[in-house]
Amino acid sequence: MATTTLNTTPTTNGDISTTLVEPSGVQQNFESATNLSFKEQFVSLKEQFVNLKNEITALCEDFAKKKARYYHLMNEEIPRLKNYINGCREMVKEQEALKVRDEIKIKEQEMALEKKTPNLECNHRLIRDFTVVIQNCTLEVQKYEEELEFFRTHICLTYLRNFEALLDRYNSLASQSNFVNESIQEERESIQEERESIQEERESIQEELNQIRNQRVQNVQQSPST
Numbered sequence: 001m002a003t004t005t006l007n008t009t010p011t012t013n014g015d016i017s018t019t020l021v022e023p024s025g026v027q028q029n030f031e032s033a034t035n036l037s038f039k040e041q042f043v044s045l046k047e048q049f050v051n052l053k054n055e056i057t058a059l060c061e062d063f064a065k066k067k068a069r070y071y072h073l074m075n076e077e078i079p080r081l082k083n084y085i086n087g088c089r090e091m092v093k094e095q096e097a098l099k100v101r102d103e104i105k106i107k108e109q110e111m112a113l114e115k116k117t118p119n120l121e122c123n124h125r126l127i128r129d130f131t132v133v134i135q136n137c138t139l140e141v142q143k144y145e146e147e148l149e150f151f152r153t154h155i156c157l158t159y160l161r162n163f164e165a166l167l168d169r170y171n172s173l174a175s176q177s178n179f180v181n182e183s184i185q186e187e188r189e190s191i192q193e194e195r196e197s198i199q200e201e202r203e204s205i206q207e208e209l210n211q212i213r214n215q216r217v218q219n220v221q222q223s224p225s226t
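Numbering (the UniProt record's numbering), first residue to last: 1 to 226.
Here you go:
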């Protein structure tokens, strides 16, 4: 425990000058030493909170990009491709109908034994081209649908686990912060008790000082003059 010292200095008239010397810097140094580790912990916790916030922000931004692509594929790209496929199928259907009509014309021409070439309407090249387009677009739709399914079954779960891990880290940091706050409060209470104890000792020494001063005055008054 820190103590308060008493300085006694003789004066020119023979009296003793007494002064109390406070233990300057004792409480402050003690408080600084005990709180230094807490300050370092606060700085470390603050840095960890900042880093954690940056990680959460980056994760949210990345997930937002994934989610934007998911909705783009689901609401725009896949419906567009399906509409295009349906349009191509209608074109093929029309050409197939013309092909049937052309075949009927050819048979009728053959039965009539006419050498005149019938007027054919079917465009076989269109049928081939649109069939290839339908196949390619169908494969692309399947690929996008598989990507959507993978997003729902894997990517979302991965991001959820990552968010939960970050939340656990946040809760851990919050607990550490609370612990540091409680520890600092305990140290403050301990320092306050130390100060009160020093104050009591100071008052006790002050009483002794007063008694010494009074006794000295009495002795001077009772001593015969020379």
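For each residue, glycine too, the CB sits at the ideal point set by N, CA and C.
According to DSSP, simplified to helix, strand and coil, what is residue i?
{"i": "L120", "result": "coil"}
Please classify residue i as buried or exposed, where buried requires at least 16 other C-beta atoms within 10 Å of its C-beta.
{"i": "Q199", "result": "exposed"}
{"i": "F130", "result": "buried"}
{"i": "residue 231", "result": "There is simply no residue 231 to check, as the chain begins at 1 and stops at 226 in what is shown."}
{"i": "C88", "result": "buried"}
{"i": "I85", "result": "buried"}
{"i": "V141", "result": "buried"}
Comparing alpha-carbon positions, which option in the options lies nearest residue i?
{"i": "H72", "options": "E61, F179, Y144, L157", "result": "Y144"}
{"i": "residue 228", "options": "K105, Q218, E77", "result": "No information on residue 228 is available, as it lies outside the stretch 1 to 226 that the chain covers here."}
{"i": "F63", "options": "D168, R80, L160", "result": "L160"}
{"i": "N54", "options": "F163, Y84, I134", "result": "F163"}
{"i": "E150", "options": "V50, E40, Y70, E61", "result": "According to the sequence shown, residue 150 is Phe rather than Glu. Here the closest residue by C-alpha is Y70."}
{"i": "I127", "options": "N83, E193, M74, L98", "result": "L98"}
{"i": "A68", "options": "C156, S175, K93, S177", "result": "C156"}
What does the alpha-carbon distance come out to for the pair residue i and residue j?
{"i": "R101", "j": "N136", "result": "28 Å"}
{"i": "F179", "j": "N171", "result": "12 Å"}
{"i": "K46", "j": "L166", "result": "16 Å"}
{"i": "I215", "j": "E196", "result": "Sequence inspection shows Gln at residue 215; the Ile mentioned does not correspond to that position. Approximately 29 Å between the Cα atoms of the pair."}
{"i": "A58", "j": "L148", "result": "22 Å"}
{"i": "L120", "j": "E96", "result": "12 Å"}
{"i": "E110", "j": "M91", "result": "28 Å"}
{"i": "N83", "j": "S175", "result": "55 Å"}
{"i": "D168", "j": "E189", "result": "32 Å"}
{"i": "E108", "j": "V132", "result": "32 Å"}
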